[in-house]
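The structure under discussion appears below in the form of C-alpha coordinates.
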Amino acid sequence: MPLIERLVALSTRAYKGEDAIAMRVISDHIRTLALAISDGVLPSNDGRGYVLRRLLRRAVRYGRTLGFEKPFLCELFPTLEGQLGNIFPELVNQREMILR
(Lines of atoms letter the chains of each structure in order from A; the text may use other names.)
(Lines give C-alpha, C1' and ligand atoms only; values in the text may rest on other atoms or scores of the structure.)
Protein backbone atom coordinates (compact mmCIF):
# COMPACT_ATOMS: atom_id res chain seq x y z
CA MET A 18 0.00 0.00 0.00
CA PRO A 19 2.94 2.43 -0.16
CA LEU A 20 1.75 3.68 -3.57
CA ILE A 21 -1.71 4.40 -2.23
CA GLU A 22 -0.24 6.12 0.83
CA ARG A 23 1.85 8.29 -1.51
CA LEU A 24 -1.24 9.10 -3.61
CA VAL A 25 -3.13 10.10 -0.46
CA ALA A 26 -0.26 12.42 0.50
CA LEU A 27 0.05 13.95 -2.98
CA SER A 28 -3.66 14.42 -3.55
CA THR A 29 -4.63 15.33 0.03
CA ARG A 30 -7.72 13.16 -0.46
CA ALA A 31 -8.91 10.41 1.87
CA TYR A 32 -8.77 6.79 0.79
CA LYS A 33 -12.51 6.14 0.59
CA GLY A 34 -15.34 5.93 -1.91
CA GLU A 35 -14.65 6.95 -5.50
CA ASP A 36 -11.23 8.30 -4.53
CA ALA A 37 -10.20 4.86 -3.28
CA ILE A 38 -11.15 3.33 -6.63
CA ALA A 39 -9.12 5.97 -8.49
CA MET A 40 -6.10 5.37 -6.24
CA ARG A 41 -6.22 1.60 -6.75
CA VAL A 42 -6.48 2.01 -10.54
CA ILE A 43 -3.57 4.47 -10.63
CA SER A 44 -1.35 2.29 -8.42
CA ASP A 45 -2.09 -0.76 -10.56
CA HIS A 46 -1.47 1.10 -13.81
CA ILE A 47 1.82 2.70 -12.67
CA ARG A 48 3.16 -0.77 -11.83
CA THR A 49 2.13 -2.12 -15.23
CA LEU A 50 3.48 0.92 -17.08
CA ALA A 51 6.84 0.87 -15.31
CA LEU A 52 7.39 -2.86 -15.81
CA ALA A 53 6.35 -2.78 -19.47
CA ILE A 54 8.58 0.21 -20.23
CA SER A 55 11.49 -1.44 -18.43
CA ASP A 56 10.96 -4.43 -20.75
CA GLY A 57 11.25 -2.15 -23.78
CA VAL A 58 7.59 -1.50 -24.64
CA LEU A 59 6.85 2.16 -25.36
CA PRO A 60 3.48 3.88 -25.82
CA SER A 61 2.56 3.91 -29.51
CA ASN A 62 -0.36 3.64 -31.91
CA ASP A 63 -0.27 -0.13 -32.45
CA GLY A 64 0.08 -3.44 -30.64
CA ARG A 65 1.45 -3.57 -27.12
CA GLY A 66 2.36 0.09 -27.31
CA TYR A 67 -1.27 0.99 -27.84
CA VAL A 68 -2.30 -0.94 -24.73
CA LEU A 69 0.37 0.93 -22.79
CA ARG A 70 -0.86 4.23 -24.18
CA ARG A 71 -4.43 3.42 -23.08
CA LEU A 72 -3.24 2.53 -19.56
CA LEU A 73 -1.32 5.79 -19.35
CA ARG A 74 -4.31 7.83 -20.45
CA ARG A 75 -6.61 6.00 -18.04
CA ALA A 76 -4.24 6.61 -15.12
CA VAL A 77 -4.06 10.31 -16.00
CA ARG A 78 -7.86 10.48 -16.28
CA TYR A 79 -8.26 8.95 -12.82
CA GLY A 80 -5.61 11.35 -11.56
CA ARG A 81 -7.74 14.25 -12.70
CA THR A 82 -10.61 12.93 -10.57
CA LEU A 83 -8.22 13.21 -7.61
CA GLY A 84 -7.44 16.82 -8.48
CA PHE A 85 -4.11 16.38 -10.28
CA GLU A 86 -3.70 18.91 -13.06
CA LYS A 87 0.05 18.60 -13.62
CA PRO A 88 2.03 15.41 -14.34
CA PHE A 89 2.07 13.26 -11.21
CA LEU A 90 2.94 9.70 -12.24
CA CYS A 91 6.68 10.43 -12.16
CA GLU A 92 6.31 11.42 -8.49
CA LEU A 93 5.05 7.91 -7.73
CA PHE A 94 7.99 6.12 -9.33
CA PRO A 95 10.46 6.45 -6.41
CA THR A 96 7.89 4.76 -4.17
CA LEU A 97 7.38 1.99 -6.73
CA GLU A 98 11.13 1.62 -7.17
CA GLY A 99 11.59 1.26 -3.42
CA GLN A 100 8.78 -1.26 -3.23
CA LEU A 101 9.67 -3.45 -6.23
CA GLY A 102 13.28 -2.54 -7.08
CA ASN A 103 14.74 -5.57 -5.28
CA ILE A 104 12.36 -7.96 -7.02
CA PHE A 105 12.60 -6.36 -10.47
CA PRO A 106 16.12 -4.91 -10.86
CA GLU A 107 15.23 -3.73 -14.38
CA LEU A 108 13.15 -0.99 -12.74
CA VAL A 109 16.35 0.43 -11.27
CA ASN A 110 18.42 -0.22 -14.40
CA GLN A 111 15.88 1.39 -16.73
CA ARG A 112 14.99 4.29 -14.42
CA GLU A 113 15.79 7.02 -16.97
CA MET A 114 13.73 5.39 -19.72
CA ILE A 115 10.76 4.90 -17.39
CA LEU A 116 10.79 8.49 -16.16
CA ARG A 117 10.90 9.88 -19.70
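Taking the working numbering, I'd label the letters of the sequence shown as residues 18 to 117. Ideal Cβ placement from N, Cα and C applies to all residues, glycine included.
Three-state class that DSSP yields for residue i in the structure shown
i: L52; result: helix
i: R112; result: helix
i: R30; result: coil
Reference residue i, options the options, closest by Cα
i: A76; options: R117, Y32, D45, I21; result: D45
i: A37; options: P19, T49, K87, L83; result: L83
i: V42; options: T29, R81, E113; result: R81
Beta-carbon proximity check, residue i vs residue j, cutoff 9 Å
i: Q111; j: I54; result: yes
i: L108; j: E98; result: yes
i: L50; j: Q100; result: no
Sequence-distant residues of the same chain with beta carbon closer than 8 Å to residue i, five excluded per side
i: V58; result: R65, G66, L69
i: V25; result: A31, Y32, M40
Please list the segments of the alpha helix (DSSP H) lying wholly inside the stretch 40 to 105, counting only runs of 4 or more residues, in order along the chain.
Counting only runs that start and end inside the stretch 40 to 105, the alpha helix (DSSP H) elements of at least 4 residues fall at 64 to 82, 90 to 101.
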